[in-house]
Every structure is written in structure tokens, then in C-alpha cells.
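Residue numbers (our numbering), protein chains in the order written: chain A, 623 to 1111; chain B, -4 to 190.
We put the CB at the ideal spot given by N, CA and C, even for glycine.
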Amino acid sequence: MSGKTLFERIWDAHVVPSPAQDAARHRALADAGMADHEELIHGRQEMLYIDLHLIHEVTSPQAFEGLRQAGHPVRRPDLTLATVDHNVPTIDRDLPNPDPLSARQIEVLRENTREFGITLFDIHDPRQGIVHIIGPEQGYTQPGMTIVCGDSHTSTHGAFGALAFGIGTSEVEHVLATQTLRQSRPKTMSVEVNGELGPGVTAKDVILAIINEIGVRGGIGHVIEYRGQVIENLTMEGRMTICNMSIEAGARAGLVAPDETTFLYMKGRPQMPKGEDWERAVDAWRKLPSDSDARFDREVRLDGSDIIPFVTWGTNPAQSVTVDGHVPEPDQLAAEHREAATRALAYMALEPGTAIRDITIDRVFLGSCTNGRIEDLRAAAKVVQGKKIAEGVHAMVVPGSGLVKLQAEDEGLADIFTEAGFEWRDAGCSMCLGMNPDILAPGERAASTSNRNFEGRQGPGGRTHLVSPEMAAAAAIAGHFVDVREVLD
Amino acid sequence: MRAFSVVRGTAIPLDRSNVDTDQIIPAKHLKRIERTGYGEFAFEAWRQDPDFVLNDSRFKGARIMLTRANFGSGSSREHAVWALTGLGIEALIGEDFADIFKNNCFQSGVLTIERPKEDIDHLMNLVQSDPAVELVVDLPAQTIGTPDGSWSRRFEIDPFRKYRLLRGLDDISMTLEYVSDIESYEATRPSWMTA
């Protein structure tokens, strides 16, 4: 018998055994004369206990309304944390929100969290920020947990060895009411990245390379475990960037085994266990990693030494090429990709054969749950320091949380950005999804550190190229894409 | 949740792969706090193109949508399903669907049916050449096909999901019957998670 994977360990530890109610249902179904009733007790689904439920203003209002209509309380407000991020302004927060619909949505979260007794990091709380940044920052995110949120980038928390995935609003309501979810067990996939990353090559380039390799539907129905030397050598923030974009490959979740890097990052954060509990927890967390003889349903290997900075040219995150490359000729792509590539190039207004370095940009967005953490800002600031953004380029930095913003100000990064001509904003999702006024104008082309280059994602008619923070910073200075490895000494 | 049994009607062919939920319902329409009223904004950007299939009056009133691979990718927004039900769509047939989107469909009583590319090719051709042709989605029999039975395929579905869809059972009330089991589980959670 082969060993267990990290995923299987977490999953198995969270299946709620239900002998009492199963027996009752068994009797009821048999009495009703249901054929094959054994299958109807749970089907292929299992009832999973949820350790941490993160909520935000956009995907929760209908769930709370459902609870009220049915008269259900929130089962575990103590395992639930709320913040405002998707639809908050990133400027002028002391002024009334000019959009009444947005103001109402934010107010409704306040009312709901008050009514149901849930902690809220509200807009003026320094701990406010993108839900996937503040969870790890405050120490809510811990190895071995199950974590859900009404947001697909919940996979970010997998960097800690937690099973974390996005859910829809009806499932949010289910978790609020029961602290469980009914889910079918995903398959497992190992993505192993060995070797060593070269200078100027980042976690963002690694995950773009992985998505390029397995495609946007390669991960459907799977949980990916990222392994290998490159992953082990990444910081926690780099691992978060990787796990964050698991969903862009279609995966249910992404995971990295917890190790000393993980424990060092976590120790002392406000919500972490303390004293003896910390020792007990670390002992348990050390037992989580996949056994050496564990088997995965699918295995993929990449050589990290071969990865160089990536830039997307199309309208899904797998439509990418290395910075030294060219916009592809659809005719030269595999048959199943041609039509989509042709459509994407028309939307992106790109000619096949154009060198990536010859693509000029109008906007730069530095931020998001993918790349809005302090290390991202430090790396970008290093590229920007002492320079000015190119004429005609509009660039902004949106820190991932209020605390990231404060730290960046303390470290002098904010000054570096503003002196170079970047706007320095308050924390939120901002232009990553284009819900608030931070959007591209039709036809504008952006270098963005976010996670999705879908048509209109950052504003109707906007054109998005996904890159690392370093690459975005270098593009802001040059006014077109450049190979950041040539900019860094 | 409303019950699902047999849907017979015309089908709209959305002949594209990787249709993401940002296309189905753009983020700017997620500011509302209701579950209804999203149909008019469905595929808003693509509807600007007069040739887009949703603007073809011959497909008006379709209850079934035909798609390609990886439909519903990207954002977890359940508003995408609400936008489709707002259009009157009750069942989707495609090669495969994004995981979160598929779960969301189920929660709203929308059936997602996965069939290999050859079958999707066949149905796309059928519907594109004659928009008036009807399809039958039969959940009790787990089949899709033409009303005269000349073409029919069986599809897979989790038996428990089928059972709940057929009866329109509410997931939450069913899970709340397990509350004593949930309490027993909670008593076994490690100390550092309960502190």
C-alpha cells in the first residue's frame, strides 16, 4: 500500500463521521422503498468540516439573507472572519463613497457581521485588506486546516499546507449555517519544479510557466501539490503567489508542504497558537507532508533553471510566452488552440510575430492577492528606485493590506514609488477585478501583476498582460516590456 | 431549490471554449445584494456584437445551452449562474465545466452535463443548422437526445445529487439533520484550533 499525500491527510482528517444520522437516513430511505438507497446517503460526496471561513462584501450578502429567511444562526462566528476588499475605493476613504450601490454593499456586510457576531476588519482598520493577504498576515491561516471563501483565489492559503478553495454564495450560506461543506473528493496532481531559479525570475514566472505547461483546464477536478527544490527554496510569499494561481490552471486547490520556512513565517502572528499549544501544533504540522511513497493521480515536472520571465499575450493565463519571445502565429499553434488564439489576438490588438519587447503599455497595476505583499513591493521598488515612469504611462501601487501599506511606507518604498510617478493607494482588490473605479479605459493596455487577463476583466475593452512585479515595474519605466534581467545588475 | 426533472426545448449554441465567469457576468454588476436581476447583463460585452449568438432571435427562449470545454472558469461568482437562469437556461451541455461553477449550478438547480467532444460537435451542428430543433434532457433517465429518440446519450451524475435535484431538496436543511455528528466532530478538533 502506498503512503498518503498531504492532501489526503487533510481531507481524511476533516470528513465528519456520521454513523447516527446515516443509519437514520438508511432506515428512512429503505422504508420509502428507494432502490439503491445506499448511494443516496452521501452519494460520492463527503461532509467536510471547515476550520476557517473568510467572507467579504461581494459574495456574502445573498448568503446572509438566506440565513435570515430560514431562521438559521451562524454556527461558528468564531471560525469566520470578514473584511471589505473587492469593492472598496482605494482613494479618498474619508469621503462618502460616491457609488451608492457600493456604499450599500459595504454597509450590508457591516450590518450582517454585527447581527451574526462575526469579526470584521472594516475599511479604516489597519488590518483591512485583500482577504487572502490578511488571513496569513494575522495568523488565521494555519497548516492542516480546511479554509474556504467565496472567492476563487482562496487557493492562496494552500501555501501553508492548508486545503483552501473557493466556493459560491450558496455554499457560503451552507458553511455559515453548518460549518461544513458537501464535496466530492478531488484527484491529486504533483507539480514538481526542480533546479534553481535565475536572477530576476520569480514565483509569478514559475506559476505562469506551470499554467502554460498544463493549460487552463489541466487542473480541473484536481488538487495540485507543488514540490521540488524551487518550491522549497521559495519564501512563504512566493509560495502564496504560486498557490494563488492554481485556479487559473483549473485546479480545485494548490498546496505546499509546511516546513521550517512556514513555521518561521507564522510564529508570533496574532492568531497563532501560543506556548505549549504552539509546540503541539508544530509537532502535528511536521507530520502533514506527503509520504515519500505517496502516489498522485497525475505528475508533472518542470526544470526551474529553464524558466525565464513570462508575459501573457492573450485572454487566458495559459496564453503566454517568455519575454524574449514573440506573439504567436495562431496557425503554428496546436489545432485546438488556433481559434481561441485568433480571437484573443483580435481582442488584444496584437499582430502575430510582434516581439514581446515591442509591446508598449499605457497602464501598470502593482497589487492583488497574487502580488500585493511586501516582498512584491520591495522587488518592484528595487527596479524603480531613482527612475521615472515613462511619459504617458499611468502606474499605480495598491498594497494588499493596510499593514503592507504601513510597512512599505516605513521602509521608504512608498517614497520610491511616488517619486517615480506611481500613485500610492489604499488596500483592496482594485484593478485586479475592476469592480471599483480603478479600471482600464477601452483599448488601454496594462502590465498587471494580477492573475487574470480575461477580456474586459480590468475594465470593458481593457487589455491585460500578466507579469511579475519586477517585470511590471520595468515596463512602467520603459513604457514597453523589457527583460527585467537586463535591468537588474 | 426548485426541482429538476425533464427539460424539453431549443438549445443555444455558445460555440467557444474557456468561457470565464467574467464574460458571463462582468464584475461591475456584482454590486447588487439580490439573487435575481442578472439576466439582462449576461454576456454584456459579447452582446455588443450583433452577430453574437445571444442576439440571434432564432435562439430566443432556449432552455438549454451548448458550450465547449472549461465553461465557467475563473471567478467563483455564483452571479454567473443567476445570470444564466435569468436568461431562462435550465441545463448546460459541454465537454467539461470549471469545478466551482459546476457546484454553483447544482446549488441553483441547473444541470451541467458533460459529454465528449464528438457529441458536442454533433449537437452544435444539429442546432446551428436548425435552431428550431428541440433537445430533451431527462434527469430521471440520465439521458440527453432528440425528442424522436434518433440520437440519445446517457450522462453521469452523482446519485445523491440526482436525488436532491429531482426533489429540489435544500442542502442546508439536509446537513442540519447531521448536527449531532457535527458536534461530535467538533469535540475532536485539536486544542490549537479551538483556542
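Buried or exposed (CB count within 10 angstroms, at least 16 for buried), residue i
i: residue 26 of chain B; result: buried
i: residue 821 of chain A; result: exposed
i: residue 779 of chain A; result: buried
i: residue 176 of chain B; result: buried
i: residue 650 of chain A; result: exposed
i: residue 144 of chain B; result: exposed
i: residue 954 of chain A; result: exposed
i: residue 656 of chain A; result: exposed
i: residue 1052 of chain A; result: buried
i: residue 1035 of chain A; result: buried
i: residue 1087 of chain A; result: buried
i: residue 717 of chain A; result: exposed
i: residue 1055 of chain A; result: buried
i: residue 55 of chain B; result: exposed
i: residue 631 of chain A; result: buried
i: residue 149 of chain B; result: exposed
i: residue 43 of chain B; result: exposed
i: residue 174 of chain B; result: exposed
i: residue 117 of chain B; result: exposed
i: residue 101 of chain B; result: buried
Cutoff 9 Å: residue i Cβ touching any chain D Cβ
i: residue 93 of chain B; result: In summary, chain D is missing from the structure at hand, where the protein chains are A and B.
Bounding residues of the beta strand (DSSP E) (the contiguous stretch that carries residue i)
i: residue 767 of chain A; result: Note, residue 767 of chain A: premise wrong, no beta strand (DSSP E); not H, not E.
i: residue 671 of chain A; result: 667 to 671
i: residue 641 of chain A; result: Counting along the chain, residue 641 of chain A falls outside any beta strand (DSSP E), though it belongs to the alpha helix (DSSP H) covering 641 to 653.
i: residue 95 of chain B; result: Careful: residue 95 of chain B lies outside any beta strand (DSSP E), inside the alpha helix (DSSP H) at 94 to 102.
i: residue 6 of chain B; result: 1 to 8
i: residue 816 of chain A; result: 809 to 816
i: residue 942 of chain A; result: 942 to 944
i: residue 1107 of chain A; result: Counting along the chain, residue 1107 of chain A falls outside any beta strand (DSSP E), though it belongs to the alpha helix (DSSP H) covering 1106 to 1109.
i: residue 676 of chain A; result: 674 to 677
i: residue 704 of chain A; result: 702 to 705
i: residue 1086 of chain A; result: 1085 to 1088
i: residue 786 of chain A; result: 785 to 788
i: residue 806 of chain A; result: 802 to 806
Unbroken alpha helix (DSSP H) run spanning residue i, endpoints
i: residue 845 of chain A; result: Here residue 845 of chain A belongs to no alpha helix (DSSP H); instead the beta strand (DSSP E) covers 844 to 849.
i: residue 167 of chain B; result: 166 to 171
i: residue 683 of chain A; result: 683 to 692
i: residue 957 of chain A; result: 957 to 970
i: residue 986 of chain A; result: Taken as a continuous stretch (DSSP letters only), residue 986 of chain A belongs to no alpha helix (DSSP H), being part of the beta strand (DSSP E) at 985 to 989.
i: residue 74 of chain B; result: 74 to 81
i: residue 1114 of chain A; result: Residue coverage of chain A in this structure runs from 623 to 1111, which leaves residue 1114 of chain A outside it and unanswerable.
i: residue 186 of chain B; result: 186 to 189
i: residue 902 of chain A; result: 897 to 908
i: residue 659 of chain A; result: Taken as a continuous stretch (DSSP letters only), residue 659 of chain A belongs to no alpha helix (DSSP H), as it is neither H nor E.
i: residue 1028 of chain A; result: 1024 to 1032
i: residue 1091 of chain A; result: 1091 to 1100
i: residue 181 of chain B; result: 174 to 182
i: residue 16 of chain B; result: 16 to 19
Cβ-heavy atom distance, residue i to the ligand MN, below 8 Å
i: residue 84 of chain B; result: Within the structure as shown, the ligand MN is missing, as the structure has no ligands at all.
Per DSSP, the bridge partner or partners of residue i
i: residue 60 of chain B; result: B/7, B/87
i: residue 271 of chain B; result: This structure leaves residue 271 of chain B out entirely; chain B is present only between -4 and 190.
i: residue 920 of chain A; result: A/811
i: residue 52 of chain B; result: Residue 52 of chain B is not bridged to any residue.
i: residue 636 of chain A; result: Answer is none; residue 636 of chain A lacks a bridge partner.
i: residue 933 of chain A; result: A/943
i: residue 1079 of chain A; result: Note: residue 1079 of chain A sits in no beta bridge, so no partner.
i: residue 948 of chain A; result: A/977
i: residue 68 of chain B; result: B/15
Inset, instruction - Return the residues of the stretch 128 to 160 of chain B that lie within a Cβ-Cβ distance of less than 7 Å from chain A, sorted by chain order. - result: 153, 154, 155, 156, 158
Legend entry - Contacting positions in the stretch 658 to 669 of chain A - beta carbon closer than 8 Å to chain B: 658, 661, 662, 663, 664, 665, 666, 667, 669
Inset, instruction - Anything in the stretch 1073 to 1095 of chain A with a Cβ closer than 7 Å to a Cβ of chain B? List those residues in chain order, please. - result: Within the stretch 1073 to 1095 of chain A, the qualifying residues are 1074, 1076, 1077, 1078, 1079, 1082.
Inset, instruction - Scan the stretch 167 to 188 of chain B for residues whose Cβ lies nearer than 7 Å to a Cβ of chain A and list them as they occur along the chain. - result: 167, 170, 171, 172, 173, 175, 176, 177, 180, 185, 186, 187, 188
Inset, instruction - Please go through the stretch 732 to 770 of chain A and give each complete alpha helix (DSSP H) segment of 4 or more residues, from N-terminal end onward. - result: 753 to 760
Inset, instruction - May I have a chain-ordered list of the beta strand (DSSP E) segments no shorter than 3 residues that lie completely inside the stretch 820 to 884 of chain A? - result: 844 to 849, 875 to 877
Inset, instruction - Mind checking the stretch 807 to 841 of chain A against chain B and listing, in chain order, the residues whose C-beta falls within less than 7 Å of any C-beta there? - result: For the stretch 807 to 841 of chain A, which is checked against every Cβ of chain B, the residues closer than 7 Å are 838, 839.
Legend entry - Whole beta strand (DSSP E) elements within the stretch 1036 to 1071 of chain A, 3-residue minimum: 1067 to 1070
Inset, instruction - Taking only runs that begin and end inside the stretch 116 to 166 of chain B, name each unbroken alpha helix (DSSP H) of 4 or more residues, in chain order. - result: Whole alpha helix (DSSP H) segments, 4+ residues: 154 to 162.
Legend entry - Start-end ranges of the alpha helix (DSSP H) lying completely within the stretch 974 to 1020 of chain A, minimum 4 residues: 990 to 993, 996 to 1006
Inset, instruction - Determine which residues of the stretch 784 to 800 of chain A have a Cβ less than 7 Å from any Cβ of chain B, and write them out in chain order. - result: 788, 789, 790, 791, 792, 793, 795, 796, 799, 800
Inset, instruction - With 9 Å as the C-beta to C-beta threshold (strictly closer), list the residues of the stretch 11 to 31 of chain B near chain A in chain order. - result: 11, 12, 13, 15, 16, 17, 18, 21, 22, 23, 25, 26, 27, 28, 29, 30
Legend entry - Selection of the stretch 876 to 897 of chain A by Cβ proximity to chain B, strictly under 9 Å: 894, 895, 896
Legend entry - Within 7 Å of chain B by C-beta, residues of the stretch 672 to 685 of chain A in sequence order: Sequence-ordered contacts of the stretch 672 to 685 of chain A with chain B read 673, 680, 681, 683, 684 [C-beta pairs closer than 7 Å].
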